[in-house]
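Letter by letter, the sequence shown follows residues -17 to -1, 1 to 169 in mature numbering (1 follows the signal peptide of the UniProt record, and there is no 0).
We put the beta carbon where it would ideally sit given N, CA and C, even for glycine.
Everything numeric in this text was worked out from a predicted model, so none of it was measured.
Quick notes on the structure that follows.
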Amino acid sequence: MQKKLLPLLILPVLALASCGGPSTGTSLTPTAVNNTTLTPQDAGDQTISTEEAQMLRDLNAARAVARTCGSKQMPAAAPVTWNGYLATAARAHALDMAVNGYFAHTSPTYGGIDTRAGAAGYSGWKELGENIAAGQNLQTVMAAWLASPGHCETLMDAGLKEVGLAYLYRPGSQFGTYFVQEFGRR
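So this is what it looks like as structure tokens:
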């Protein structure tokens, strides 16, 4: 099967509000994908911050409702499951953007999502997708992605089954807050 990279779109920075405070990690239990139980080793590190857990809940709630993304009708999609490898790639990209003062899907140092996902241990993928945002807050970022046709289509894509998310608050960085959604299908 041919590997497919979804079009990568940049969400315009709508607000420079930021959320602060420390993130505390929790652990997700292994989940099932295609009737196969994943162990933490198969899905990478299952540590998820409080903010990332909220983003995952918001994402799956959004996917549960059919919607129009621009002019395209998108049916409701099954929930995505957490993947620690994709989360590692998402977190690294958020930190790279904050530290190096850019906002883009392609890192000047680490390349695109395909390179970053592979380097983080996400192998055997058939499809990848990515949404990024900066300068938003946790309460508005999902609504902003849903209001953008390309971002909406990516997060509603029923073919994408796994996700890793990143929330980063970095005082003194260009935008303060950074959000990354890394989607995949193996």
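In this structure, ASP97 is the residue among GLU136, GLU110, ASP97 with its C-alpha nearest to the C-alpha of HIS76. Distance between GLY107 and TYR150, taken at the CA atoms: about 26 Å.
Straight across, the Cα-Cα distance linking ASP79 with GLY94 is about 11 Å. Under the DSSP definition of a beta bridge, PHE166 partners with GLY112, VAL146. If the five residues before and after VAL163 are omitted, its C-beta is found closer than 6 Å to the C-beta atoms of ALA73, HIS76, ALA77, ILE115, ALA149, all from its own chain and listed in chain order. The Cβ atoms of GLY142 and GLU165 lie no closer than 7 Å to each other. Residue pairing from DSSP places TYR161 in a beta bridge opposite ALA117, LEU151. Contact between the segment 29 to 38 and the segment 49 to 56 is absent: fewer than three C-beta pairs spanning the two stretches fall below 8 Å. Rounded to whole angstroms, the Cβ separation of PRO58 and ALA49 is 5 Å, and the two are in contact under 8 Å. Counting along the chain, GLN37 sits inside the alpha helix (DSSP H) bounded by residues 33 to 46. Apart from sequence neighbours up to five positions away, the residues of its chain that approach MET125 with a beta-carbon distance below 8 Å are MET38, ASP41, LEU42, ALA45, ordered along the chain.
For THR51, no alpha helix (DSSP H) run applies; the uninterrupted beta strand (DSSP E) run containing it begins and ends at 50 to 52, by DSSP.
Apart from sequence neighbours up to five positions away, the residues of its chain that approach ALA103 with a beta-carbon distance below 6 Å are TYR68, THR71, ALA72, ordered along the chain.
Shortest Cα-Cα distance from LEU121 to any of SER131, GLY159, THR92, THR137 involves GLY159. With a 10 Å radius around the Cβ and a threshold of 16 neighbouring Cβ atoms, THR92 comes out exposed.
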